[in-house]
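2 protein chains.
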Amino acid sequence: MDHDIFGEFREYSVAEFFKKNRQMLGFSGKVRSLTTIVHEYATNSLDACDEARILPEIEVWVAEEGEERYRVKVRDNGPGIPEKLLASALATMLSGTKFNRYVQQRGQQGIGATGCTMYALITTGQPVKVVSKHKGTAIKCSLGIDFKQNRPIVSDLIKEDCSPDDHGLEVEGTFADVKYEKSGYGVGEYLKRTAIANPHATIIFNSPEGERFTYPRSIDAIPRKAREVQPHPLGIGPNDLLDLTKGKYESTKLSSFLQNEFTRVSLNKVKELQELVPEVDFNMKPSELTWEQAEKLVAAFKKVKWIAPETDSVVPISTSQIEKSLRNILNPEIVYVTERPPKIYRGGIPFVVEVGIAYGGDVNKDKEGKPASGGVVMRFANRAPLLFDAGGCAITQTVKDIDWKRYELRNFDDEPVALLVHVVSVHVPYTSAGKQSISAEDDLVDEIRNAVMEAGRQVQRHLSGKRKEKEKVSKKAAILRYVNQISGDLSELADEVKKKEKLRANLEKMVQERFE
Amino acid sequence: MDHDIFGEFREYSVAEFFKKNRQMLGFSGKVRSLTTIVHEYATNSLDACDEARILPEIEVWVAEEGEERYRVKVRDNGPGIPEKLLASALATMLSGTKFNRYVQQRGQQGIGATGCTMYALITTGQPVKVVSKHKGTAIKCSLGIDFKQNRPIVSDLIKEDCSPDDHGLEVEGTFADVKYEKSGYGVGEYLKRTAIANPHATIIFNSPEGERFTYPRSIDAIPRKAREVQPHPLGIGPNDLLDLTKGKYESTKLSSFLQNEFTRVSLNKVKELQELVPEVDFNMKPSELTWEQAEKLVAAFKKVKWIAPETDSVVPISTSQIEKSLRNILNPEIVYVTERPPKIYRGGIPFVVEVGIAYGGDVNKDKEGKPASGGVVMRFANRAPLLFDAGGCAITQTVKDIDWKRYELRNFDDEPVALLVHVVSVHVPYTSAGKQSISAEDDLVDEIRNAVMEAGRQVQRHLSGKRKEKEKVSKKAAILRYVNQISGDLSELADEVKKKEKLRANLEKMVQERFE
Chain F
607 MDHDIFGEFR EYSVAEFFKK NRQMLGFSGK VRSLTTIVHE YATNSLDACD EARILPEIEV
667 WVAEEGEERY RVKVRDNGPG IPEKLLASAL ATMLSGTKFN RYVQQRGQQG IGATGCTMYA
727 LITTGQPVKV VSKHKGTAIK CSLGIDFKQN RPIVSDLIKE DCSPDDHGLE VEGTFADVKY
787 EKSGYGVGEY LKRTAIANPH ATIIFNSPEG ERFTYPRSID AIPRKAREVQ PHPLGIGPND
847 LLDLTKGKYE STKLSSFLQN EFTRVSLNKV KELQELVPEV DFNMKPSELT WEQAEKLVAA
907 FKKVKWIAPE TDSVVPISTS QIEKSLRNIL NPEIVYVTER PPKIYRGGIP FVVEVGIAYG
967 GDVNKDKEGK PASGGVVMRF ANRAPLLFDA GGCAITQTVK DIDWKRYELR NFDDEPVALL
1027 VHVVSVHVPY TSAGKQSISA EDDLVDEIRN AVMEAGRQVQ RHLSGKRKEK EKVSKKAAIL
1087 RYVNQISGDL SELADEVKKK EKLRANLEKM VQERFE
Chain W
607 MDHDIFGEFR EYSVAEFFKK NRQMLGFSGK VRSLTTIVHE YATNSLDACD EARILPEIEV
667 WVAEEGEERY RVKVRDNGPG IPEKLLASAL ATMLSGTKFN RYVQQRGQQG IGATGCTMYA
727 LITTGQPVKV VSKHKGTAIK CSLGIDFKQN RPIVSDLIKE DCSPDDHGLE VEGTFADVKY
787 EKSGYGVGEY LKRTAIANPH ATIIFNSPEG ERFTYPRSID AIPRKAREVQ PHPLGIGPND
847 LLDLTKGKYE STKLSSFLQN EFTRVSLNKV KELQELVPEV DFNMKPSELT WEQAEKLVAA
907 FKKVKWIAPE TDSVVPISTS QIEKSLRNIL NPEIVYVTER PPKIYRGGIP FVVEVGIAYG
967 GDVNKDKEGK PASGGVVMRF ANRAPLLFDA GGCAITQTVK DIDWKRYELR NFDDEPVALL
1027 VHVVSVHVPY TSAGKQSISA EDDLVDEIRN AVMEAGRQVQ RHLSGKRKEK EKVSKKAAIL
1087 RYVNQISGDL SELADEVKKK EKLRANLEKM VQERFE
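Protein chains in written order, with our numbering: chain F, 607 to 1122; chain W, 607 to 1122.
Set out below in structure tokens:
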């Protein structure tokens, strides 16, 4: 029996795992696969530019090379990647600078670009071609993956000098099992929405049909840099706490560890904690903390009143910029954008929800001005659009569960309304590595609901004001229609026909004043 | 700049990755997390029993231990796990016997049970306790994970002799951040549906509320063993082909490689292929095959007429057993279950779709016999129920897209109908490691649609028969109401009042004959 059912036990590399489970990285469906490729590269470019404080200029080319076979090239003006890291960044799974950093960024898992290299290899056998210009050196090479070892295969490496002012990354790959489509799921829509959420970036898209779409930046300011922050004690689990004690603070006490490692933990707060859990020795070494003690500490965290985490770890797009984007692109009758303080969810992770609502005007009209579709929900996470997996996304579900009738919108799906929902966080809880759908964490769902309802109320105020105004106008018109008749009748009854005009003028004045 | 933005580049273990992305393994939401734990253990138990040809007996205990803190124990009568593999199977990510095997099984990724160990560790700090009785030896131990290394931590190991007849695995863990609920997403519903799809298993569930639910097996036959099979040439990609050539067949020719490595490739078929791609030398070593040659071969594969893949690689539950299950549990008015030949999707992967439809009777009635809900879709993959992520699942989407009015069901959501959809395959394309949702592969969606429509037509036939029968009955009743009047009137007109009764009898006979 051993031989039959236990004989083939072995371990697999994470590269082999994702090769077999490519759909987990967003490579399922031909249209989606192409959008995923552009998404991964564009996301990395925007992150790199923001990190290096460069106003991003990103150009994307998609060219048809055969049946369901396309060449994709993405070029940015970012800092480039130094030689020693290039192969890891683009051809090794789970490696990168981003993993486990406590800072808001679009990518966060060290998989994306390597996933694209993988997809090129398994659909066309072609490694990706890379040109990285970094600090006066231009590196050109081809990158493949040794799947069994999860190691990069570098070939055709050329190293040249270049001007230090000439910097950036260019990646080019040939992919099959992909399809270009001009739909809400295509590369075009993806880049348009990327432009909406990144008004500081210039984005150019060269389509396979020879069109060239340019979204020039509408502001010249680089967004405030998202600061890497310490975790907040609220919501941290015992496991996170124990993780933080590892390998550090050998010579410090638990009390200083707590102050050093967490945000908002002052000496006074430590004293409060000490009173709550007198059985824990705050002079102990942090590394000696047991699970039981960690559990007690975490329970105590929840009893203390904390200041909310710093806001500078999350950088919203901002009310004014979202409003500008929505006005420019949708030309609506009204726009309202929320401005809400950051909240935290599981593990003391700060996040902000921004909701923009655009109603009426040209919203959801087609090029000829005819209504093309009803309510649209545009989902974003850390300035990246989410086009797929809407069904399983906390944003979609929350919007669906709202009773839109309360907001004078009889049926969200039939109204000329566009809702932008943007979740910003140092760690967005995606439901899968494909990063297209947000997990329904309770705190997150609550905040999304509240923000959408706030936006909804503004639309309601506008619509109910409009409705009342309309009612008032028609009421006034109705009354005015009688004024003439009444003034005639009254003057005749009073045998003062000459006074009719004066009477009418007086009555009209009354009505006008009443309906002012 | 280097220091700032590239300084922290490092590689992460797959265990660290999933620890940070627990929601990818189904650990999102407290209710779902508990169901995921039971799902992973029960799935492994059923797979192990089937593999070892043992009629499964699985008992599950869920006990409340504190606020959102439960102890879960799962015991089976399977073959147990030998000592040398125990720690890898339950405390190492991406290791196991199942990965990359070309055989139908419930689990397939070597993550599930290790994910549960991970969840116990990060929510309560407790390793899981295991008792494995395998071939006369009982191993007891506790298992934790070294996340940085993705290595097991074994403690409290005790090894004892036991009777060789006493075999099986018992796993017990304590988990927090979980919640027991009696809903469609809870452990109870999960195990009930598991029983529906596994009529050869006895499943017992001891709930935290002290109830004991027993689902005894309804058949004593172990399902035919799913055979590990070779891939089918249809749909195989060049990359899969090149993968198969690696490390093997050093002394054979391409022509024999093709015959040995694929199903349905005979010498005649190789000759056909040779004529289609004369530029490929079929005497070459398989390991020398280039990407271009592989691409040409794959293109040629698609031009040849192949016999469908063997059916014994996929084992459906079977029409009669599904019908039995649905009748027993739902007591419907009618049941219809499809019986369709296997199909293949991407990569020549065989699959079968089984659809059972139950209509009327007690379907979707509550305990008091009142209609409790409208149409229900029960999704299964390789005999495991899928309870979550319905929105993103190919099954749900396909069912939703069907025009149910055509099948005399005005609105699927309001009708007393239960639809069972079971996808069986050597490799089910899940959308995420949480394995709750099936990716919308074109071939799969087509087959699901066709199978559901086939089942729909049976319901339609039944309903339209019923409708016509009803129309006929009411028409007959209407005509009969006139017979008495007419026979009276006619007999009076003809001055033959005595003949009224005879006339009436004749007319009635006519009507009865007409509506027979």
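Ideal Cβ positions, reconstructed from N, Cα and C, are used throughout, including at glycine.
Source: prediction; values computed, not measured.
- Neighbours of residue 749 (chain W) in chain F, taken as residues whose beta carbon is under 7 Å from its own, are absent, since the nearest beta carbon is some 16 Å off.
- Looking only at F:617, F:801, F:750, the smallest Cα-Cα distance to residue 988 (chain F) is reached by F:801.
- Residue 1025 (chain W) has its alpha-carbon roughly 5 Å from the corresponding atom of residue 983 (chain W).
- For residue 997 (chain F), the closest Cβ of chain W is nearer than 9 Å.
- Close CB contacts of residue 622 (chain F) within its chain, under the 6 Å cut and outside five residues either way in sequence, are with 753 (chain order).
- Its chain contains 844, 848 as the residues whose beta carbon lies nearer than 8 Å to that of residue 897 (chain F), once the 5 sequence neighbours on both sides are disregarded; these appear in chain order.
- For residue 638 (chain F), the CB contacts under 7 Å within the same chain, skipping 5 residues up- and downstream, are 632, 791, 994 in chain order.
- For the C-beta of residue 1005 (chain W), not a single chain F residue is nearer than 8 Å; the gap to the nearest is close to 13 Å.
- Annotated three-state conformation of residue 667 (chain F) is strand, per DSSP.
- Between residue 619 (chain W) and residue 700 (chain F), the CB-CB gap stays under 9 Å.
- Here the segment 918–934 of chain W lies against the segment 1026–1033 of chain W, with 3 or more beta-carbon pairs under 8 Å apart.
- Taking a beta-carbon distance threshold of 9 Å, residue 872 (chain F) does not count as an interface residue toward chain W.
- With 16 or more neighbouring CB atoms inside 10 Å of its own CB, residue 1037 (chain W) falls in the buried class.
- Within the segment 792–859 of chain W, the runs of beta strand (DSSP E) at least 3 residues long that lie entirely inside it are, in chain order, 808–812, 818–821.
- Among the residues of chain F, those whose CB is under 9 Å from the CB of residue 729 (chain W) are 843, 844, 845, following chain order.
- Listed along chain F, no residue sits closer than 7 Å to residue 905 (chain W) by beta-carbon distance, the nearest being about 10 Å off.
- With at least 16 other beta carbons inside 10 angstroms of its own, residue 680 (chain F) counts as buried.
- With a cutoff of 9 Å on beta-carbon distance, residue 677 (chain F) and residue 779 (chain F) are scored as near each other.
- Here the alpha carbons of residue 952 (chain F) and residue 784 (chain W) stand approximately 14 Å from one another.
- Listed by position along chain W, the residues whose Cβ is nearer than 9 Å to that of residue 789 (chain F) form an empty set, because the closest Cβ is around 15 Å away.
- For residue 1026 (chain W), the three-state secondary structure derived from DSSP is strand.
- A straight-line Cα-Cα distance of about 7 Å links residue 687 (chain W) and residue 775 (chain W).
- For residue 1068 (chain W), no CB of chain F lies under 9 Å from its own CB, so it is not counted at the interface with that chain.
- The Cβ atoms of residue 763 (chain W) and residue 723 (chain W) lie no closer than 9 Å to each other.
- With a beta-carbon spacing of about 11 Å, residue 664 (chain F) and residue 653 (chain F) fall beyond the 8 Å limit used to define contacts.
- In the DSSP assignment, residue 964 (chain W) is bridged to W:941, W:1024.
- Counting along the chain, residue 679 (chain W) sits inside no alpha helix (DSSP H); it lies in the beta strand (DSSP E) bounded by residues 675–682.
- For chain F, the residues of the segment 740–766 of chain W that bring a beta carbon within less than 8 Å of one of its beta carbons are 741, in chain order.
- Within the same chain, and ignoring the five residues on either side of residue 890 (chain F) in sequence, the residues whose Cβ sits closer than 6 Å to its Cβ are 860.
- In this structure, F:962 is the residue among F:981, F:962, F:1075 with its C-alpha nearest to the C-alpha of residue 944 (chain F).
- Linking residue 1018 (chain W) to residue 1006 (chain W) through their CA atoms gives a straight-line distance of about 8 Å.
- Counting only runs that start and end inside the segment 887–955 of chain F, the beta strand (DSSP E) elements of at least 3 residues fall at 940–943, 949–951.
- Runs of beta strand (DSSP E) with 3 or more residues, each lying fully within the segment 980–1056 of chain F, are found at 982–987, 990–992, 1023–1031, listed in chain order.
- Close CB contacts of residue 886 (chain W) within its chain, under the 7 Å cut and outside five residues either way in sequence, are with 899, 902, 903 (chain order).
- Distances from the alpha-carbon of residue 942 (chain W) to those of W:657, W:692, W:1060, W:661 put W:1060 closest.
- Not a single C-beta of chain F is nearer than 9 Å to the C-beta of residue 882 (chain W).
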